[in-house]
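In the order they appear, the protein sequences are chains A and B.
With my numbering, the residue at position 183 of the first sequence is 183, and numbering never jumps.
Add 323 to the 1-based position in the second sequence for my numbering, that's all there is to it.
Cβ coordinates follow ideal geometry from the N, Cα and C atoms, glycine included.
2 protein chains.
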Amino acid sequence: MKYIVIDTLGSDQGPKAILDGVKEVLENNSDIGFIIVGDPKLIEEYNFPKDRIKVIETYETVTNYDNPVEAFYKKDKVSIFLALKEASENDNTIGVISSGATGALMVGSIKYLLDKNRTRPALAAVLPTIDEGKCTCVVDTGASIDVGPHQLVEFAHLGSEFMKKLYKIESPRVGLLSIGSESTKGNKLVKETYPLLEAEENINFVGNIEGSKALDHLCDVLVCDGFSGNQVLKVTQGVASNLIREIIKFGKKSGKENEAKMIAGHLISLYDFESSGAAIMLGVKKTVLKCRGSSGAKAIVSACQILINLNSNKTYFEEVFDK
Amino acid sequence: MKYIVIDTLGSDQGPKAILDGVKEVLENNSDIGFIIVGDPKLIEEYNFPKDRIKVIETYETVTNYDNPVEAFYKKDKVSIFLALKEASENDNTIGVISSGATGALMVGSIKYLLDKNRTRPALAAVLPTIDEGKCTCVVDTGASIDVGPHQLVEFAHLGSEFMKKLYKIESPRVGLLSIGSESTKGNKLVKETYPLLEAEENINFVGNIEGSKALDHLCDVLVCDGFSGNQVLKVTQGVASNLIREIIKFGKKSGKENEAKMIAGHLISLYDFESSGAAIMLGVKKTVLKCRGSSGAKAIVSACQILINLNSNKTYFEEVFDK
């Protein structure tokens with residue numbers, strides 16, 4: 001039996017949304033168990049099969065307002081840290097899922113799970129592109145904010161390895177997020193990184209990519225600092241969501257409600273951040289998935305599926321999108 | 324007669340796209356003339372009324388690959404620089420329009436038109452939000468790339484003044500682009516800027532805004548460094564354009580082509596970057612509008628209308644959107 005370690009605290013929707021997801025995964029995957037971190041009384045209510053779950057009792061969490069390093073040293077029962085510690089110590093675990101504070105997840109991952117030779121992990125997001133069924137992995141999306149050029153080169157390697165593994169792409173094309181496609185365009189960081197990526201062995205560097213083409217599938221891995229990558233990820237989510245709302249509104253006004261709903265539904269299936277919104281920690285020994293704070297059961301199920309696929313060497317698409 | 328200085332070189336679509344726009348503006352605005360920078364032979368073909376145009380002859384331009392500072396000192400006939408010089412010296416001009424290289428426009432604006440007390444201009448873009456008819460001014464969007472906290476405070480003032488003037492907003496709400504709404508979130512620059520904006524007089528600071536809410540009209544002015552702002556602007560354009568293409572494709576496949584076209588048309592009218600895509604240089608003595616390199620006649624007409632409105636103290640909406 002392989003176990004997924006899951007942190008039930010830290011989600012905006014409360015532990016039940018997470019436990020609903022766990023229930024569904026247990027029902028559909030007989031060879032998977034869970035190590036559930038949280039309130040045992042609440043977990044007991046679900047009557048999960050006793051032989052497939054283990055509970056780590058805690059009620060303590062950290063918020064986005066807490067200093068994660070301070071929390072790590074001062075609070076010894078924080079759910080996110082207990083989950084990561086368990087994954088580092090227990091060989092039967094295949095990964096960790098949390099919807100909690102990114103900073104704490106980062107600090108805990110560094111302390112317990114960081115790969116040798118890495119300075120810090122990166123948080124990647126796999127986004128849908130204009131080529132149906134094709135994705136681009138944006139790295140970093142918010143874990144490593146103030147970074148230097150050598151860290152961006154590291155992100156290029158991490159993203160390439162990940163896309164090779166999850167999507168079986170032989171030589172992933174790596175793009176560098178910039179403000180224009182020309183090699184001379186960019187901020188100081190991008191200008192310093194460009195020649196390094198050009199010279200780097202085992203990186204299929206395709207040059208600068210501007211934001212308007214970030215999701216045009218011109219690259220398989222889009223490298224950027226965590227602040228800019230967070231903008232790419234979240235602006236995409238925001239604009240897609242605003243446009244979808246606008247379509248529904250327009251449908252009502254124009255008497256084409258059904259067609260509008262059909263089109264909106266199609267776009268939601270493509271840009272479905274509820275089910276594909278998990279960010280993936282790269283550069284760590286076990287796979288760590290960060291779901292959005294607002295994640296519901298569906299997001300949790302999808303995150304578990306990614307862990308199961310990575311562990312069984314199936315591609316993400318084979319299991320998640322073809323369902 | 325008030326004159327608009329227009330650079331006809333530097334557009335990806337060639338000078339004719341620009342001159343087609345000039346023609347339309349001349350036909351619809353009897354009190355506006357043009358100072359046209361470019362190839363006199365080409366301009367002559369249009370038979371513009373002689374008393375309303377003046378031509379500055381040149382064939383020289385700079386590309387995004389040129390170093391703009393070097394170009395400024397070594398090339399003395401560059402269209403973009405000649406246009407800005409004319410605006411600085413001729414009291415009858417109301418502004419400058421160019422689709423050329425942003426870097427060159429920036430350097431020329433600093434040399435000829437920079438306001439006293441400003442370190443450098445900012446490039447703002449006015450983007451549509453989820454509140455119909457309401458916009459947010461993003462500043463900077465690509466002119467000032469590697470900036471410090473005091474420059475972001477300056478952007479807040481420039482954006483506030485601009486939104487007061489163009490949209491008659493009494494006390495524009497200023498947001499700071501970050502990776503979360505909490506005051507503790509952000510990169511080094513954002514964390515240093517936050518307390519400065521909080522303490523700043525005459526700034527209605529409403530806190531951090533994350534990318535997913537950049538266009539939710541939570542603020543009237545969104546302050547950010549030029550690299551991140553460029554991502555907000557261009558990712559918005561890219562995602563909107565990808566979704567609109569997807570709607571058309573889906574319409575064809577599902578036999579709902581007409582409804583899909585209707586919905587796509589509605590979204591295009593809201594997110595119409597061809598007509599509202601001009602970026603506005605702030606912190607300069609004359610209004611300088613930077614159209615996208617791909618701008619056609621429609622974008623030029625719209626940019627001229629902004630200049631005419633700003634000059635006549637009308638709001639942008641009164642003239643552009645209500646037409």
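Length of the line joining the Cα atoms of residue i and residue j
i       : j       : result
G108(A) : A448(B) : 40 angstroms
E70(A)  : S269(A) : 40 angstroms
T63(A)  : G293(A) : 11 angstroms
Q560(B) : F155(A) : 26 angstroms
V497(B) : T287(A) : 39 angstroms
K25(A)  : C304(A) : At residue 25(A) the sequence reads Val, which differs from the Lys that was named. Going by the C-alpha atoms only, they are around 7 angstroms apart.
T102(A) : A260(A) : 36 angstroms
V624(B) : L512(B) : 37 angstroms
V470(B) : G133(A) : 38 angstroms
A622(B) : I586(B) : 22 angstroms
F650(B) : Y382(B) : The structure shown does not extend to residue 650(B), since chain B is modelled only from 324 through 646, so no value can be given for it.
L566(B) : N553(B) : 20 angstroms
K373(B) : S353(B) : 13 angstroms
A104(A) : S11(A)  : 13 angstroms
K54(A)  : I32(A)  : 12 angstroms
Q151(A) : E350(B) : 56 angstroms
Listed by chain order, chain E residues near residue i by CB distance under 7 angstroms
i       : result
H266(A) : Structure shown: chain E not included; protein chains present are A and B.
Supposed contact pair residue j and residue i - C-beta distance, whole angstroms, cut 8 angstroms
i       : j       : result
D220(A) : C137(A) : 7 angstroms
Y65(A)  : T507(B) : 6 angstroms
D216(A) : T129(A) : 6 angstroms
C291(A) : I97(A)  : 6 angstroms
I379(B) : I358(B) : 6 angstroms
V223(A) : L176(A) : 5 angstroms
V476(B) : L519(B) : 5 angstroms
V360(B) : S411(B) : At roughly 14 angstroms, the Cβ-Cβ gap does not stay under 8 angstroms, so V360(B) and S411(B) are not in contact.
DSSP three-state assignment for residue i, whether helix, strand or coil
i       : result
A122(A) : strand
C547(B) : coil
G418(B) : strand
I376(B) : strand
E523(B) : coil
G293(A) : coil
G344(B) : helix
C627(B) : helix
A214(A) : coil
Y648(B) : Residue 648(B) cannot be examined here, being either before or after the span of chain B that is shown, 324 to 646.
I179(A) : coil
I36(A)  : strand
E368(B) : coil
E455(B) : coil
N187(A) : coil
T287(A) : strand
A279(A) : strand
G251(A) : helix
E383(B) : strand
G552(B) : helix
I532(B) : strand
K332(B) : Sequence check: residue 332(B) is Leu here, not Lys. If DSSP states are grouped into helix, strand and coil, L332(B) belongs with coil.
V476(B) : helix
Buried versus exposed, by CB contacts within 10 Å (16 or more), residue i
i       : result
E318(A) : Only weak support is given to the placement of E318(A): the predicted model assigns it a pLDDT of 42, under 50, and the question is left unresolved by the model.
T119(A) : exposed
E210(A) : buried
S422(B) : buried
M1(A)   : exposed
E409(B) : buried
E246(A) : buried
A522(B) : exposed
D330(B) : buried
N202(A) : exposed
G14(A)  : exposed
K326(A) : Residue 326(A) is absent from the model: chain A starts at 1 and stops at 323.
K256(A) : buried
F550(B) : buried
G588(B) : exposed
H480(B) : buried
Selection of the stretch 535-559 of chain B by Cβ proximity to chain A, strictly under 8 angstroms: S535, K536, A537, L538, D539, D548, G549, F550, S551, N553, Q554, V555, L556, K557, V558, T559
Residues, ordered as in the chain, of the stretch 106-130 of chain A that lie near chain B by beta-carbon distance below 7 angstroms: I130
Mind checking the stretch 561-572 of chain B against chain A and listing, in chain order, the residues whose C-beta falls within less than 9 angstroms of any C-beta there? G561, V562, A563, S564, N565, L566, I567, R568, E569, I570, K572
By the 7 angstroms beta-carbon criterion, what residues does the stretch 41-74 of chain A contribute toward chain B? N64, Y65
May I ask you to list, following chain order, the residues of the stretch 8-30 of chain A that have a beta carbon less than 7 angstroms from some beta carbon of chain B? none
Report the residues of the stretch 189-204 of chain A with a CB closer than 7 angstroms to any CB of chain B, ordered along the chain. none
Using a Cβ-Cβ cut-off of less than 7 angstroms, give me the residues of the stretch 142-169 of chain A that come near chain B, in sequence order. G142, I145, D146
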